[in-house]
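Below is one structure; the comments refer to it alone.
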Amino acid sequence: TISCSEKDSVQLEQDTVLGVESLLMLCSQDSSSSAQATLKTALTSLVKLLKSRPHLSQPVVEFLLGQLHLSCDSSRVLMCHALAAIATNLPVLRDSMLGDLVDLYRVVGHSSTGEQQELLVSMATVIFVASQSSLSAEVKMLIKQQLEGVANGWTVYRIARQASRMGCHEFSSELYQCLRTRVASEHFYFWLNSLKEFSQAEQCLSHVEDGDYSGAMSAIAEALRSYQKGIASLTAASTPLSPLTFQCEFIKLRIDTLQALSQLVCTCNSLKTSPPPAIAGTLAYTSGNDLQRCGRIAMQMKVCMEEFRGLAARYADLHQSLFDADYATLRNVELQQQSCLLVSHVIEALILDPQAASFQEYGELRSVQTESEYERRMMSVFNHVLEEVEGLSKKHSPVSHLHTSCLCDAVIALLKVPLSFQRYFFQKLQSTSIKLALSPSPRTLTEPIPVQNSQQLTLKVEGVVQHGSTPGLFRKIQSVCLNVTSVLQSKTGTDYKIPLDTKTNEMEQRVEPHNDYFSTQFLLNFSVLGTHLVTVEASVVDESGIEWKTGPKTTVSVKSLEDPYSQQLRHQLQQGGGQPAPQRGAYARF
């Protein structure tokens with residue numbers, strides 16, 4: 001860290017940028033491995049510098065664009081990666097710069113070498129970032145012509161994938177469409193077909209106009225049709241080795257969110273078709289329930305609010321399961337969760353409880369540092385909706401057409417932001433899984449483990465942590481959290497009065513893996529006769545202390561049997577009809 005005055009700091013920044021630019025100019029024209037390594041290091045440092053000093057971004061971006069024309073192909077790839085990273089963090093690529101990028105795209109990609117293929121992908125990515133999800137017909141035609149000439153199928157897929165990440169869904173849909181018949185596996189065909197349907201669904205939503213509520217309903221219905229086709233193809237694309245769990249859950253949540261938004265617009269429209277009765281005010285005063293002033297729409301809105309809160313909880317559960325996801329994917333899921341919470345809060349603030357609604361907890365949204373164009377647009381929508389709702393709730397009491405129009409406008413504003421399909425939807429850079437083994441184990445899968453009700457069962461849990469090719473890329477495992485619960489499935493014998501807390505075991509232990517192996521034991525009590533289902537669930541805790549619900553979950557059946565002494569006493573009593581002796585068991589001995 002360098003400590004200096006503000007004047008010296010400005011000079012230091014300028015000198016640093018000039019030095020880096022000089023180094024880039026020298027290395028970008030040299031294709032040797034040492035020069036390329038230096039160039040990569042310099043560009044990485046430059047991206048970090050501009051992230052902390054955003055006011056320096058504009059001249060640096062202009063320099064990089066100019067240098068692209070003079071550089072060798074391998075340098076162009078690295079410089080395009082840097083440009084995309086800078087422009088993703090900050091909106092510095094203007095429309096005027098798009099022309100330079102398009103002109104350069106015309107002259108690259110004349111051969112099918114790996115370097116040229118990489119250049120086609122990296123330059124297309126920069127164009128997608130610069131266009132901000134609205135590609136012109138001319139640009140789309142140019143990219144297609146270049147791809148038809150020398151690009152292989154993998155290059156086309158990578159470009160389509162980048163278009164999906166940047167929200168250019170119309171273009172990505174066209175690329176997925178042409179790729180479907182170029183694969184050798186039916187699983188790949190269904191995967192590409194599902195991506196095409198998802199892109200078409202999001203494209204339907206991009207045509208929604210402000211104030212056109214019936215058009216919004218039609219667009220959502222059309223999008224849902226495509227999403228339902230896509231989820232069917234996605235299910236067909238899954239295999240035991242690649243179950244596509246995250247993708248399926250994310251799409252199901254998107255479908256349910258769109259259905260909830262559609263239901264909300266329908267509920268808002270019901271104010272016109274079924275307004276509150278003339279005596280609604282009197283009924284509200286008599287019953288003491290102020291919501292009755294709103295008529296039947298109040299209960300419908302309450303159902304909508306609970307629906308969005310439930311969706312937010314499901315997004316939170318999905319987020320907690322993504323231990324291996326990159327940061328952009330996690331942030332994307334967070335934004336979906338926040339959008340659902342926002343809608344539920346708006347319903348409460350406008351209609352259900354305007355007096356108790358507080359906007360202070362959402363004040364921090366206005367100062368959040370955004371790191372992508374999608375995040376910037378979502379945060380802009382959040383802030384705009386909150387401002388509108390806060391102003392309306394102070395001026396007008398519910399419920400009027402102003403309130404329902406404000407809700408519908410919020411729905412349309414959310415729909416108009418093109419959904420970003422982040423990297424983890426397509427690519428898993430980090431892979432972590434846990435394998436569990438329980439002992440004792442049953443002799444057959446259907447046979448329960450026998451144990452006497454007067455004894456306790458020692459359950460040993462062993463596990464192995466398995467990694468992919470890049471372990472700990474985003475986060476590392478600090479410890480493994482094991483949760484053991486048992487539930488009585490079926491009961492046998494006499495129901496003795498035993499304390500309730502002994503009927504179900506519930507224990508938790510944290511163990512630190514050593515060389516990716518861990519082991520621990522649980523002492524379980526099965527005093528109630530019958531069959532118990534024991535569930536062992538694993539989760540991991542990272543180095544920041546955050547718990548992730550990674551699984552797996554393993555179950556085993558335990559049958560609690562009556563011990564021989566108690567059984568003998570019971571038979572004697574049944575034959576002699578005498579008074580029952582005290583039960584001999586775990587509680588009788590102490």
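Per full-length UniProt numbering, the sequence shown starts with residue 1, numbered consecutively. Think of the CB as a built atom: it goes at the ideal place given N, C-alpha and C, for glycine as much as any other residue.
Next on the checklist: Is it buried or exposed, Gly99, if we count other Cβ atoms within 10 angstroms and call 16 or more buried?
Outcome noted: Residue 99 sits at position 99 when you count from the first residue of the sequence shown. That one is exposed.
* Asked: Where does the unbroken alpha helix (DSSP H) through Phe63 begin, and where does it stop?
  -> Residue numbering aside, residue 63 sits at position 63 when the sequence shown is read from its first letter. Under the DSSP assignment, Phe63 falls in the alpha helix (DSSP H) whose first and last residues are 57-68.
- Taking Phe190 as the reference, which of Tyr227, Cys204, Ala236, Ser75 has the closest Cα? Indexing the sequence shown from 1 puts residue 190 at position 190. Out of Tyr227, Cys204, Ala236, Ser75, Ala236 has the C-alpha closest to the C-alpha of Phe190.
- Could you name the residues of the same chain whose beta carbon sits closer than 6 Å to that of Val343, not counting the 5 residues immediately before and after it, in chain order? Reading the sequence shown from its first residue, position 343 is the one you call residue 343. Taken in chain order, the residues that qualify are Phe308.
As a quick exercise: from Val511, Glu508, Ile477, Gln567, pick the residue whose alpha carbon is nearest that of Ile546.
Taking the first residue of the sequence shown as position 1, residue 546 is located at position 546. For the residues Val511, Glu508, Ile477, Gln567, the minimum Cα distance to Ile546 belongs to Ile477.
Mind checking Gln489: buried by the 16 CB within 10 Å criterion, or exposed? Taking the sequence shown and counting its residues from 1, one reaches residue 489 at position 489. That one is exposed.
Check: Excluding five sequence neighbours on each side, which residues of the same chain lie with their C-beta closer than 8 Å to the C-beta of Thr555?
Finding: Translated into positions along the sequence shown, residue 555 becomes position 555. If you ignore the 5 residues before and after Thr555, its C-beta comes within less than 8 Å of the C-beta of Leu533, Val534, Thr535, Val536, all in its own chain and listed in chain order.
According to DSSP, simplified to helix, strand and coil, what is Tyr587?
Start at 1 with the first residue of the sequence shown, and residue 587 comes out as number 587. Reliability of the predicted coordinates at Tyr587 is poor, the pLDDT of 47 falling under 50, and the value obtained from them is presented with this limitation in mind. DSSP places Tyr587 in coil when its eight states are reduced to three.
- Query: The beta strand (DSSP E) spanning Leu524 covers which residue range?
  - Reply: The residue you call residue 524 lines up with position 524 of the sequence shown. In the DSSP annotation of this structure, the continuous segment of the beta strand (DSSP E) that includes Leu524 starts and ends at 517-525.
Original post:
Are Thr216 and Leu350 touching if we call contact CB-CB under 8 Å?
Top reply: In the sequence shown, the residue the question calls residue 216 occupies position 216. In the sequence shown, the residue the question calls residue 350 occupies position 350. Note that residue 216 is Ala in the sequence shown, not Thr. Contact: no.
Rounded C-alpha distance that separates Ser185 from Gln452: In the sequence shown, residue 185 corresponds to position 185, counting from 1. In the sequence shown, residue 452 corresponds to position 452, counting from 1. Looking at the two C-alpha atoms, the distance is approximately 54 Å.
- Item | Sufficient close CB pairs (3 or more, under 8 Å) joining the stretch 238-258 to the stretch 410-430 | yes
Subject >> Which residues DSSP lists as bridging Val451, in chain order >> reply: Start at 1 with the first residue of the sequence shown, and residue 451 comes out as number 451. Beta-bridge pairing links Val451 to Ser560.
* **Minimum C-alpha distance to Ser218 - residue among Lys196, Thr470, Leu261, Ala151** => Working through the sequence shown from its first residue, we reach residue 218 at position 218. Checked all of Lys196, Thr470, Leu261, Ala151; the closest Cα to Ser218 is Leu261.
Q) Which class does Gly468 belong to by DSSP, given the choice of helix, strand or coil? A) Against the sequence shown, residue 468 aligns to sequence position 468. Coil, per DSSP.
Could you tell me the alpha carbon to alpha carbon distance between Leu330 and Lys491, rounded to whole angstroms? Along the sequence shown, one-based indexing puts residue 330 at 330. Along the sequence shown, one-based indexing puts residue 491 at 491. When rounded, the distance between both Cα atoms is 44 Å.
Less than 6 Å between C-beta atoms, sequence neighbours within five positions excluded: which residues of the same chain meet that for Cys268?
Position 268 of the sequence shown, counted from the first residue, corresponds to residue 268. Closer than 6 Å at the Cβ level, and outside the excluded window around Cys268, lie Thr404, Leu407, Cys408.
Opening and closing residue of the beta strand (DSSP E) in which Glu508 lies
Start at 1 with the first residue of the sequence shown, and residue 508 comes out as number 508. That run of the beta strand (DSSP E) goes 506-511.
Output the boundary residues of the alpha helix (DSSP H) element that contains Thr535. Residue mapping note: residue 535 aligns to position 535 of the sequence shown, counting from 1. From DSSP, Thr535 is part of no alpha helix (DSSP H) but of the beta strand (DSSP E) over 530-542.
When the Cα of Ile434 is compared with those of His345, Ser544, Lys549, which residue comes out closest?
If you number the sequence shown from 1, residue 434 lands on position 434. Comparing Cα-Cα distances from Ile434 to each of His345, Ser544, Lys549, the minimum goes to Lys549.
key: Given 8 Å, three or more beta-carbon pairs between the stretch 144-154 and the stretch 115-129   = yes
**Prompt:** Buried or exposed: Tyr327, going by 16 or more other Cβ atoms within 10 Å of its Cβ?
**Reply:** The residue given as residue 327 occupies position 327 in the sequence shown. Exposure of Tyr327 is indicated by the presence of fewer than 16 other C-beta atoms within 10 angstroms of its C-beta.
Beta-carbon gap between Cys168 and Leu135 smaller than 8 Å: Sequence index remark: in the sequence shown, residue 168 carries index 168 (1-based). Sequence index remark: in the sequence shown, residue 135 carries index 135 (1-based). Yes, they are a contact pair.
Practice problem: Report whether the distance from the Cβ of Arg423 to the nearest heavy atom of the ligand SAH is below 7 Å. | Solution: Looking for the ligand SAH in the displayed structure turns up nothing, as the structure carries no ligands at all.
At the level of alpha carbons, what is the spacing between Ser393 and Arg225? Numbered from its first residue, the sequence shown carries residue 393 at position 393. Numbered from its first residue, the sequence shown carries residue 225 at position 225. In a straight line, the C-alpha of Ser393 is about 36 Å away from that of Arg225.
Self-check item: Rounded separation between Leu258 and Ser339 - CA only
Solution: Mapped onto the sequence shown, residue 258 falls at position 258. Mapped onto the sequence shown, residue 339 falls at position 339. The straight-line gap from Cα to Cα measures roughly 12 Å.
Only counting the same chain, and skipping five residues up and downstream in sequence, which positions put a Cβ closer than 8 Å to that of Ala85? Your numbering for residue 85 matches position 85 in the sequence shown. Val47, listed in sequence order.
query: Going straight from the alpha carbon of Glu371 to that of Thr531, what length do you get?
result: As a working note, residue 371 is residue 371 in the sequence shown. As a working note, residue 531 is residue 531 in the sequence shown. About 53 Å.
Using the DSSP secondary-structure output, state which residues sit across from His514 in a beta bridge. Against the sequence shown, residue 514 aligns to sequence position 514. Beta-bridge pairing links His514 to Tyr517.
key: Helix, strand or coil at Gln572 [DSSP, three-state]   = The count along the sequence shown starts at 1 and reaches residue 572 at position 572. The answer is helix: DSSP assigns Gln572 an H, G or I state.
- [ ] Report the residue ranges of all alpha helix (DSSP H) runs contained in full by the stretch 135-186; include only those spanning at least 4 residues, in chain order.
- [x] 137-150, 153-165, 169-179
- Item | Whole-angstrom distance between Tyr315 and Val10, CA atom to CA atom | Residue mapping note: residue 10 aligns to position 10 of the sequence shown, counting from 1. Residue mapping note: residue 315 aligns to position 315 of the sequence shown, counting from 1. Near 44 Å, if we compare the C-alpha coordinates of Tyr315 and Val10.
Point to revise | Integer-rounded CB distance, given that Leu436 should sit under 8 Å from Pro552 | key: By 1-based counting over the sequence shown, the position of residue 552 is 552. By 1-based counting over the sequence shown, the position of residue 436 is 436. That belief holds up - the Cβ atoms of Pro552 and Leu436 are roughly 6 Å apart, short of 8 Å.
With distance defined between alpha-carbon atoms, name the residue in Val411, Thr245, Cys266 nearest to His319.
The residue labelled residue 319 in the question sits at position 319 within the sequence shown. Among Val411, Thr245, Cys266, the Cα nearest to that of His319 belongs to Thr245.
Problem set entry | Span separating the alpha-carbon of Val541 from that of Tyr227 | Here residue 541 refers to the residue found at position 541 of the sequence shown. Here residue 227 refers to the residue found at position 227 of the sequence shown. Cα to Cα, the separation comes out at about 35 Å.
- Item | Backbone CA spacing between Gln455 and Ser527 [nearest angstrom] | One-based indexing of the sequence shown puts residue 455 at position 455. One-based indexing of the sequence shown puts residue 527 at position 527. Rounded to the nearest angstrom, the two C-alpha atoms are 8 Å apart.
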